[in-house]
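Here the structure is laid out as structure tokens; the discussion comes afterwards.
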Amino acid sequence: MSKGDLERYNSFSRRAFILGGLHLAGFGILTGRLLHLQVSRQDYFATLADENRISMKYLQAGRGQIVDRFGVPLAVNEQDFRAFLIPEQSPDLEETFRKVREYIPLSLKDEERVLRDIKSKRAFMPVMLRDGLNWEQVARISVNLPDLPGVSIDEGRMRAYPLAEATAHLIGYVGLVAPAELTDEPIMGLPGFRIGKTGIEKYFDKELRGKAGTSRIEINAVGREVREISSIPGKDGDRVGLTLDAELQIYCQSRLAQEKSASAVIMDAVNGQIYAMCSTPSFDPNNFTRGISAEQWEELLSSPAAPLTNKAVSGQYPPGSTFKMVTALAAFKSGLVKADHRVHCPGYMEIGRDKFHCWSRGGHGSVDIIQALAQSCDVYFYDIARQVGIDKIAEMARRLGLGQKHNIELPGETPGLVPDKNWKLGHFGKKWQLGETVVSAIGQGYIQTTPLQLAVMIARIVNGGHAVEPTLLHMLGTEVRKQPEFKSLGISPRHIELVKKGMANVVNHQKGTAYASRIEDKSFLMGGKTGTAQVRRITAKQRAEGVKNEDLPWKQRHHALFTAFAPLKNPRYVCAVVVEHGVSGSGTAAPLARDLMLKTKERDPAS
Numbered sequence: 004m005s006k007g008d009l010e011r012y013n014s015f016s017r018r019a020f021i022l023g024g025l026h027l028a029g030f031g032i033l034t035g036r037l038l039h040l041q042v043s044r045q046d047y048f049a050t051l052a053d054e055n056r057i058s059m060k061y062l063q064a065g066r067g068q069i070v071d072r073f074g075v076p077l078a079v080n081e082q083d084f085r086a087f088l089i090p091e092q093s094p095d096l097e098e099t100f101r102k103v104r105e106y107i108p109l110s111l112k113d114e115e116r117v118l119r120d121i122k123s124k125r126a127f128m129p130v131m132l133r134d135g136l137n138w139e140q141v142a143r144i145s146v147n148l149p150d151l152p153g154v155s156i157d158e159g160r161m162r163a164y165p166l167a168e169a170t171a172h173l174i175g176y177v178g179l180v181a182p183a184e185l186t187d188e189p190i191m192g193l194p195g196f197r198i199g200k201t202g203i204e205k206y207f208d209k210e211l212r213g214k215a216g217t218s219r220i221e222i223n224a225v226g227r228e229v230r231e232i233s234s235i236p237g238k239d240g241d242r243v244g245l246t247l248d249a250e251l252q253i254y255c256q257s258r259l260a261q262e263k264s265a266s267a268v269i270m271d272a273v274n275g276q277i278y279a280m281c282s283t284p285s286f287d288p289n290n291f292t293r294g295i296s297a298e299q300w301e302e303l304l305s306s307p308a309a310p311l312t313n314k315a316v317s318g319q320y321p322p323g324s325t326f327k328m329v330t331a332l333a334a335f336k337s338g339l340v341k342a343d344h345r346v347h348c349p350g351y352m353e354i355g356r357d358k359f360h361c362w363s364r365g366g367h368g369s370v371d372i373i374q375a376l377a378q379s380c381d382v383y384f385y386d387i388a389r390q391v392g393i394d395k396i397a398e399m400a401r402r403l404g405l406g407q408k409h410n411i412e413l414p415g416e417t418p419g420l421v422p423d424k425n426w427k428l429g430h431f432g433k434k435w436q437l438g439e440t441v442v443s444a445i446g447q448g449y450i451q452t453t454p455l456q457l458a459v460m461i462a463r464i465v466n467g468g469h470a471v472e473p474t475l476l477h478m479l480g481t482e483v484r485k486q487p488e489f490k491s492l493g494i495s496p497r498h499i500e501l502v503k504k505g506m507a508n509v510v511n512h513q514k515g516t517a518y519a520s521r522i523e524d525k526s527f528l529m530g531g532k533t534g535t536a537q538v539r540r541i542t543a544k545q546r547a548e549g550v551k552n553e554d555l556p557w558k559q560r561h562h563a564l565f566t567a568f569a570p571l572k573n574p575r576y577v578c579a580v581v582v583e584h585g586v587s588g589s590g591t592a593a594p595l596a597r598d599l600m601l602k603t604k605e606r607d608p609a610s
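As numbered in my numbering, residues 4 to 610 make up the sequence shown, in order.
Below is the structure:
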């Protein structure tokens, strides 16, 4: 072998050796990787394989009941038959819709919803056609299933409200999940799943929903279900027990229904529990769960009496003369007005060029705080307000619970408004005027309150000056709500007793503005305060023509208010009533409040 051939041979050997080594190394790495994947990570990839063929399906849990303090059902789940459609099994959707309409109601709105659901889901996933079917409709569909490809009947649960209109504003209702309400929770995508839309149903929605169950389903390569492997049932939602007395609530609602638009709150002055809270006109929440028609919805929206609004927590009204206790307590606390202060009322008070009238044109003569409250003398409160000023009145109003939310377990609560100098300067860029203080002293002007706030105000006065807060919650699940300690408001007991005595005389003294609505039962005598909140002033021309407030169109009449407590000794119950455009607190609201207090005594929820 020549020297050149030898060099070429050695070079080839080296290259072959290197190439073989590289192949051997690559094979070793590949073998090691295969051993790692097939031996060391066998369990991991077996799990992944299972996940590729096993789907997790969520099962809806039963929604928790809502009951009153005695266990009377206020929201329950009833048997519900539903019709479903599997799109891939229906070759002609329009034809299927046409046939289904022959057996059950199926509106264009229903069809639009079904088409939206079909677009957002796989073709083999069922979508709900219609729920709330009666037995006759189920029978019709069932008999004709051979002619309805893809259609099936399923049994579920539908929310029902046994007391209907009586508790509509409090309990609320549930409805299908709107696109804006969707979250990443898988349960939201379940056919027919409903969430709380208003009232207690909305406030405690997550607790009432419960915990969804799961079902492990074997699926094939295209995702179609083959069989169920295992399932874990869901946990039903918590039971919500309210402080309400259902019978008292029904009576309150029926009594209020005699008025065109009104609201009332009955509350425990000591622990803050709400025994009844009503707003009229009302509506049937069952219509929303079954599917409300466009005509019904339009009628509810267009009604001037606002039946969808819970006026007890959302309605805002001038408190009128029911505010006078606030003015009195503010004046006494300031030290600028003595408790034995007297004022002569000639029927008006002049401040500069303005004349502020008392409701009694002839005046009340010389009155003290007790007489001024009993006879609702405006001039007395004009006088003490002029001395104490709006800021101190506003501070006392807030201390008694006005102008603020109380975080009751309901959505839609409004804060009302308690104005002061800074408020006006900030909102209008103008200084506060003395005339505005005088008007505010009798609950007119900018002041706005809710019936709930008025009930809290009276409760804080008659319970000795403790900052009681209202509540509707008695029990959540098995846990009873703990009774909180309410701090003292720092109001003189002597001043409180003077105000309470004046309120007692409102009802029980012959000159009291609500004497006609007194309770004769000596063990349950009632105290209270009338209020008539001006909506629109009668012009001088109308007054000269003899036009009275009740002669005006309904929307222009005064609001009628009454706040009450009973019994006089150791008060336990308070009540606030507002009748929109009811003209007179003494003539309209006071008799209504008396009846509610008597019914409360009959029920005696605190016993």
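In this text, a Cβ means the ideal position worked out from N, Cα and C, and glycines have one as well. All values derive from a computational prediction rather than experimental measurement.
Kindly indicate which residue of the options has the alpha-carbon position closest to the one of residue i.
i	options	result
L109	R85, A377, P94, R212	R85
R606	R72, L27, G67	R72
D157	P236, F87, T186	F87
H367	I354, D381, G355	D381
D239	G65, V329, I144	G65
Y449	Q537, V459, V510, S93	Q537
E398	A333, W435, E412	A333
L193	A458, M128, S233, A163	M128
V370	F359, S363, Y383	Y383
L501	K558, S233, K327	K327
G175	C578, L476, P414, K602	P414
K525	K503, A569, L405	A569
R219	I232, K200, E210	I232
Q63	T34, I461, K503, G237	G237
A400	T417, I387, M460	M460
M280	L403, I21, T170	T170
Could you name the residues that DSSP lists as bridge partners for residue i?
i	result
D157	R85
L245	L476
K532	T566
Q407	DSSP output for Q407 lists no bridge partner at all.
E482	L479
G294	According to DSSP, which records beta bridges pairwise, G294 is partnered with nothing at all.
E136	It is worth fixing the name first, because residue 136 is Leu in this sequence and not Glu. In DSSP, L136 forms a bridge with F84.
P76	V70
K238	K214
Q451	L420
E276	The identity of residue 276 in the sequence shown is Gln, whereas the question assumes Glu. Q276 is bridged to T474.
V130	L88
For residue i, does the count of other Cβ atoms within 10 angstroms reach 16, so buried, or fall short, so exposed?
i	result
G480	exposed
L428	exposed
N466	buried
Q256	buried
P608	buried
E204	buried
P613	Lying outside 4 to 610, the shown extent of the chain, residue 613 is not represented and no answer is given.
I393	buried
Q451	buried
E139	exposed
R463	buried
L111	exposed
D187	exposed
D241	buried
I499	buried
E168	buried
Q456	buried
N425	exposed
If we cut at 7 angstroms on Cβ distances, does residue i have a partner in chain D?
i	result
Q378	Looking for chain D here will not work: only one protein chain is present.
Decide if the region 373-381 is in contact with the region 430-439; the criterion is three or more beta carbon pairs, one per stretch, under 8 angstroms apart.
-> no
Would you check if there are 3 or more beta carbon pairs closer than 8 angstroms linking the region 71-85 to the region 239-257?
-> As far as the Cβ criterion goes, the region 71-85 touches the region 239-257, which means the pair count is three or higher.
Is the region 581-601 in contact with the region 556-566, if contact means three or more CB pairs nearer than 8 angstroms?
-> yes
Determine, using beta-carbon pairs with one atom in the region 290-299 and one in the region 270-277, whether at least three such pairs fall under 8 angstroms.
-> no
The region 341-355 touching the region 288-295, judged by at least three CB pairs closer than 8 angstroms | Because the criterion of three Cβ pairs below 8 angstroms is not met, the region 341-355 and the region 288-295 do not touch.
With a cut-off of 8 angstroms, do at least 3 Cβ pairs link the region 512-524 to the region 589-601?
-> In short, these stretches touch, since the Cβ pair count reaches three.
Pick out the complete beta strand (DSSP E) segments inside the region 341-412, 3 residues or longer, and give them in chain order.
-> 346-348, 351-354, 357-360, 368-370
Contact the region 590-604 vs the region 524-531: 3+ CB pairs below 8 angstroms = yes
Below 8 angstroms, can you find three or more Cβ-Cβ pairs linking the region 86-101 to the region 114-133?
-> yes
Entirely enclosed beta strand (DSSP E) segments - the region 167-204, minimum 3 residues = 177-179, 197-199
Is it true that the region 487-494 meets the region 466-477, where meeting means three or more beta-carbon pairs spaced less than 8 angstroms apart?
-> yes
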